[in-house]
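Worksheet: the structure to be examined is printed underneath.
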Amino acid sequence: MKIFTSLVGFLLAFSAQSQTLSFVFKDYLTLPRSRNLHNISGIEYIPGRQEWQLAGDRGEFYRFRNIRQLSDWVCQADSSFRTGLAVEAIRYDAASDTYFFAVENNEESYVGYRKHAMPQTGESFERVPLPHPVPVKKNKGVEALALTNQYLWVAPEAGSVEEAHVTNSLIHFYRYKKTGGSVVFDAEFSYEIDRNVCPSEALGGISEIIALPGDETRLLVLERCYENTTKTVTAKLYETQVDDANKKLIKRNDKPAFDFSNRNSFRPDNLEAMTWAEDQEGKKTLVLMTDDNTGKNQWTQIILLELQP
Numbered sequence: 002m003k004i005f006t007s008l009v010g011f012l013l014a015f016s017a018q019s020q021t022l023s024f025v026f027k028d029y030l031t032l033p034r035s036r037n038l039h040n041i042s043g044i045e046y047i048p049g050r051q052e053w054q055l056a057g058d059r060g061e062f063y064r065f066r067n068i069r070q071l072s073d074w075v076c077q078a079d080s081s082f083r084t085g086l087a088v089e090a091i092r093y094d095a096a097s098d099t100y101f102f103a104v105e106n107n108e109e110s111y112v113g114y115r116k117h118a119m120p121q122t123g124e125s126f127e128r129v130p131l132p133h134p135v136p137v138k139k140n141k142g143v144e145a146l147a148l149t150n151q152y153l154w155v156a157p158e159a160g161s162v163e164e165a166h167v168t169n170s171l172i173h174f175y176r177y178k179k180t181g182g183s184v185v186f187d188a189e190f191s192y193e194i195d196r197n198v199c200p201s202e203a204l205g206g207i208s209e210i211i212a213l214p215g216d217e218t219r220l221l222v223l224e225r226c227y228e229n230t231t232k233t234v235t236a237k238l239y240e241t242q243v244d245d246a247n248k249k250l251i252k253r254n255d256k257p258a259f260d261f262s263n264r265n266s267f268r269p270d271n272l273e274a275m276t277w278a279e280d281q282e283g284k285k286t287l288v289l290m291t292d293d294n295t296g297k298n299q300w301t302q303i304i305l306l307e308l309q310p
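Residue numbers (our numbering): 2 to 310.
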């Protein structure tokens, strides 16, 4: 995967046309267990540094600087350290040199931020106040963050405590206005989540969101659930339109921008992380990674989706 410099300009032009996004499956790699890259729940590519940053929900943090193609992921990280945090998502704001990250453990879930670097074990950081408590006891905290030029978006996995019920499909994302290296709560936006996919995980979940660079009007939302009876993951990527007047996020199409099901021999694992990149031919690519939970029957996968022009 070639490091990209033209992605922002491309997406600005694409956004101006207001077309519906779609992706095609390009390639994937399943890492062997001996690779020792486990529990990945957040990924961010920083083009100014030509650096990939990966966060794990068991406290790991990795930096890679020489990823040019899919097979390069079998190489060792350039550096790593421990955050001591169960990180579920990471985003980097280059304008303010600030890291934002979602944390979910057995006691609480929150969004933190810190300037210049992710915190290592024991280092201090600030927190973003959530407007509503999230159902941590149901293992449904905050797993998804997105950054635009103006805002930080926070998506609870299954809604707030009041919203996380099988019979309720309307949940809310939280938007914060960026102010230097901090954020201030701005508004809540309703979102219609699909609760009718995996009976054994009826609440479903938002495992990640991402913005189109330079576009304040759209987000990509990754919905994912696990069906225990068949041991399969169902995941769909939706394009949403920001309706500021009515404070809604509206799915732009009846069909998802990409459905991970029925991909011939490919079966997605526990999809939790995604970021933008560009392949060797200059085509815009969404890179996704899975969290293997260090499980015997789960795997770390890197998946490439190509954005259609």
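Virtual Cβ for every residue (Gly too), placed ideally from N, Cα, C. Bear in mind that the values here come from a model prediction, so they are computed numbers and not experimental data.
Roughly how many angstroms separate the alpha carbons of D94 and V243, rounded to a whole number?
21 Å
Backbone CA spacing between P214 and I91 [nearest angstrom]:
16 Å
Stretch pair the segment 150 to 165 + the segment 191 to 207: three plus CB contacts closer than 8 Å:
Here the segment 150 to 165 makes contact with the segment 191 to 207; the two share three or more CB pairs at distances below 8 Å.
If I follow the unbroken beta strand (DSSP E) through C226, where does it start and stop?
R219 to E228 is the span of the beta strand (DSSP E), which, as asked, contains C226.
Once DSSP output is grouped into helix, strand and coil, what is the label at R64?
In the structure shown, R64 falls within a strand segment according to DSSP collapsed to helix, strand and coil.
Please state the DSSP three-state secondary structure of K139.
helix
Look at the alpha carbon of I68 and the alpha carbon of S81, and state the distance between them as a whole number of angstroms.
Going by C-alpha positions, I68 is about 16 Å away from S81.
Residues in the same chain with beta-carbon distance under 8 Å from S16, minus the five sequence neighbours each way, listed in chain order, please.
A caution first: S16 carries a pLDDT of 45, below 50, which makes its placement in the model unreliable, though a value can still be read off. Contacts found: L213, G215, D216, T218 and R219.
Counting C-beta neighbours from all protein chains within 10 Å, is the total for C199 16 or more, i.e. buried, or is it exposed?
buried
Taking the straight line between their C-alpha atoms, what separation do you get for K248 and S35?
47 Å
Just to confirm the assignment: which complete beta strand (DSSP E) runs, minimum length 3, are found wholly within the segment 17 to 46?
Entirely contained in the segment 17 to 46, the beta strand (DSSP E) runs reaching 3 residues are, in chain order, 24 to 31.
Spatial neighbours of H133 in its chain, beta-carbon cut-off 6 Å, leaving aside the 5 residues before and after
S161
DSSP three-state call for P157: helix, strand or coil?
strand
Is there contact between the segment 247 to 265 and the segment 44 to 63, where contact requires at least three CB pairs shorter than 8 Å?
no
Local Cβ density within 10 Å of S201, reported as buried at 16 or more and exposed below that:
exposed
Between the Cα of C76 and those of L38, A156, D187 and V137, spot the shortest distance and give me the residue it belongs to.
L38
Grab the span of the beta strand (DSSP E) containing Q242 for me, first residue to last.
T233 to D244
Quick check on W74: does DSSP put it in helix, strand or coil?
helix
Given a cut-off of 8 Å on the beta-carbon distance, is the pair L55 and I41 in contact?
Judged by beta-carbon spacing, I41 lies within the 8 Å limit of L55, meaning their Cβ atoms are closer than that value.
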